[in-house]
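Just add 327 to wherever you are in the sequence shown, counting from 1, and you've got this note's numbering. Reading through the structure tokens given below for one structure.
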Amino acid sequence: MSETAQPRTGVVGAALELFRTQGFEQTSVEQIARAAGVSRSTFFRHFGGKEDVVFADHEALLDELRGFFAPGHPDPWEAVCRASQHVFAHFANDPELARQRYQVVREVPALREREIITVFRYERLFDEYLRRALPGVDPVDAVGFAATVTAVHNHVLRQLLRGTKKVAPAVLQNALDDVRRRYGVLPDAAEDGADAMIVAVFPRAMPLSEVSRRLQSELER
């Protein structure tokens, strides 16, 4: 962990504990800084305010996903699912901290509203990436896939946050595979490239842009 990340992590943990024990509104920035062992100026060097502490992980994750999408991927639909799995893995890595954050957000209306906005930022990021990566994709398919992946991710994540047991990554993997299957963009497990002739069969639900992309990919082999 970098020197920059260390104080951020310590402040987040200290803040969430204070929010849990004495309430969000009753907790001051000075109390958070003191509990985390940092100065007030250090706090504001990393966060704009108390709300930013609660959503600090999301800001970092959104930046990571932008970097992940930047170089492009052979299968953009799969890339969106992998991005979703990365977010889940981050919170599953420290479920107790994630559950603590979830409880704080549930109890503060202003935080719940910001959470809704944060969820939409993931959805918009996925949607915009698909439109860039798949020129000509029907906007309805892009936004629909992005929204479905986001909703499925949040459903599985809530199972982790509301319970006391681990939720295996395979649970999300299987759910996202089902999303890709419903959109007709889950590749067949077995591929036979022995024949020179290409016989293509595509699900009726598959977007036309994806049909074109896959045909071009096969012809260029």
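Don't be surprised by glycine CBs; every beta carbon is placed ideally from N, CA and C.
Cβ-based neighbour list, residue i, same chain, cut-off 7 Å, excluding 5 preceding and 5 following
i, result
"residue 335", "373, 383"
"residue 542", "527"
Residue i to residue j span [Cα, whole Å]
i, j, result
"residue 457", "residue 403", "6 Å"
"residue 376", "residue 498", "35 Å"
"residue 503", "residue 472", "10 Å"
"residue 491", "residue 341", "21 Å"
"residue 357", "residue 367", "6 Å"
"residue 359", "residue 445", "23 Å"
"residue 505", "residue 348", "40 Å"
"residue 510", "residue 353", "47 Å"
"residue 470", "residue 350", "37 Å"
"residue 513", "residue 409", "13 Å"
"residue 530", "residue 515", "12 Å"
"residue 449", "residue 459", "16 Å"
"residue 395", "residue 430", "30 Å"
As assigned by DSSP and simplified to three states, the class of residue i
i, result
"residue 349", "helix"
"residue 377", "helix"
"residue 510", "coil"
"residue 526", "coil"
"residue 296", "Nothing in the structure corresponds to residue 296, since the chain is present only between 328 and 548."
"residue 484", "helix"
"residue 463", "coil"
"residue 501", "helix"
"residue 413", "helix"
"residue 549", "Outside the displayed span of the chain (328 to 548) sits residue 549, for which this structure offers no information."
"residue 399", "coil"
"residue 454", "helix"
Selection from the options that minimises the alpha carbon distance to residue i
i, options, result
"residue 385", "371, 396, 447", "447"
"residue 453", "430, 350, 429, 480", "480"
"residue 388", "408, 360, 418", "418"
"residue 489", "349, 463, 423", "423"
"residue 539", "347, 360, 462, 362", "462"
"residue 474", "369, 546, 451", "451"
"residue 344", "401, 427, 416", "427"
"residue 339", "364, 369, 380, 355", "380"
"residue 437", "378, 421, 364", "378"
Nonlocal neighbours in the same chain, by C-beta distance under 6 Å from residue i, ignoring five residues either side
i, result
"residue 411", "476, 480"
"residue 494", "486, 487"
"residue 442", "432"
"residue 337", "363"
"residue 465", "534"
Per-residue burial, residue i [other beta carbons within 10 Å of its own, 16 or more giving buried]
i, result
"residue 467", "exposed"
"residue 507", "buried"
"residue 371", "exposed"
"residue 546", "exposed"
"residue 535", "exposed"
"residue 397", "exposed"
Contacting residues, own chain, Cβ-Cβ under 8 Å from residue i (five flanking each side not counted)
i, result
"residue 483", "415, 494, 498, 499, 502"
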